[in-house]
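In our numbering, the protein residues as written are 16 to 315.
Here you go:
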């Protein structure tokens, strides 16, 4: 008799249960690479490498007493920089019983798995755009091997560092690209670790000021058109340490190469099981002009 009461109670509870028709999917941080780094689809699916040929000139001009006599010769020097292209992949499969079971709960399991696999590929491509994958000889915005770097003498989470000190160094660093490129290029963007960006957006120059260090810095450097925080900056420095980057956000200067965008390829197709490969060709980030500088050692 007791068993019957318990069973009736359980059945009543189930009958009163309301299952919401919309499935709540997990949320992840925003993928910002396409906003921060110009994207290039050059190369095509069959490319195994991306090569940039750089040219410069040698020689000079001088005054001569006789036209056409003793004029200095001007020559070309060239440099070819190559980066490999790798496949970036994730896979999902669904068997017939799995599809039937989930459909009873109102879930299209193939669609949900497809969204998850695509998200995994997109998230890894986003990470590579910033940090590269040195083991695969792919480079990122922060990790390009020829990128100049500077060690910061201040750490933004040091209580002894004042707002005035932060502002002075931000102004100095903003001009470094111009100095390092022989007054040829100025940066127009800067990316910060999350905690540094929050610090400069909440710190005032002094107790008498309502303006943040971030706003004062931007006002003093009008050529900086864009600034943002990005999680990958927490690993952008040497050994995966936090770093700030000042760079020129311009496809003539830096690009993230994806020769083959995301595609779905069916690799298993039987009566009982379907399998799909989510695939992309990835070449990381490439600088055509080194109009960037990395600031390391920015946190204790």
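Yeah, the Cβ is synthetic: ideal placement off N, Cα and C, and Gly gets one too.
Inclusion of residue 258 and residue 311 in the CB contact set at 8 Å is warranted, their separation being smaller than that value. By the neighbour-count criterion, in which a residue is buried when 16 or more other Cβ atoms sit within 10 angstroms of its Cβ, residue 72 is exposed. Secondary structure note for residue 195: its alpha helix (DSSP H) is the uninterrupted segment 191-195.
Residue 305 is positioned such that its CB atom lies no closer than 8 Å to that of residue 106. For the pair residue 104 and residue 295, the Cα-to-Cα distance works out to about 6 Å. By a beta-carbon distance limit of 8 Å, residue 182 contacts residue 228. Their separation comes to about 5 Å. For residue 84, DSSP assigns no beta-bridge partner whatsoever. Here DSSP, grouped into helix, strand and coil, assigns residue 35 to coil. Beta-bridge partners of residue 148 (DSSP): 153. For residue 110, there is no enclosing alpha helix (DSSP H); the residue is found in the beta strand (DSSP E) stretching over 101-110.
Burial state of residue 238 is exposed, judged by a 10 Å Cβ sphere holding fewer than 16 other Cβ atoms.
In the same chain as residue 287, and ignoring 5 residues on each side of it, the C-beta atoms closer than 7 Å to its own belong to 110, 111, in chain order. Taking C-beta separations shorter than 6 Å and ignoring five residues to either side along the sequence, the partners of residue 167 in its chain run 310, 312, 313, following chain order. In this structure, residue 142 lies away from residue 240, with their beta-carbon atoms at least 8 Å apart. Residue 43 carries a coil assignment under DSSP once its states are collapsed to helix, strand and coil. Measuring C-alpha to C-alpha distances from residue 233 to each of 42, 33, 135, 204 identifies 204 as the nearest.
In the three-state DSSP reduction, residue 64 falls in the strand class (E or B). The alpha carbon of residue 265 has as its nearest neighbour, out of 38, 53, 42, the alpha carbon of 53. The Cβ atoms of residue 156 and residue 269 lie closer than 8 Å to each other.
Counting along the chain, residue 123 sits inside no alpha helix (DSSP H), nor does DSSP assign it H or E at all. For the 8 Å CB-CB criterion, residue 307 and residue 162 form a contact. The bridge partners DSSP lists for residue 117 come to none.
Distance from the CA of residue 303 to the CA of residue 138, rounded to the nearest whole angstrom, comes to 25 Å. Close CB contacts of residue 128 within its chain, under the 6 Å cut and outside five residues either way in sequence, are with 107 (chain order).
From the listed residues 101, 76, 39, the smallest Cα separation to residue 61 is found for 101. Here the alpha carbon of residue 198 sits roughly 18 Å from the alpha carbon of residue 235. Here the C-alpha atom of residue 217 lies approximately 35 Å from the C-alpha atom of residue 149.
Distance from the Cα of residue 88 is smallest, within the candidate group 77, 213, 81, for 77.
Less than 8 Å divides the Cβ of residue 263 from the Cβ of residue 200.
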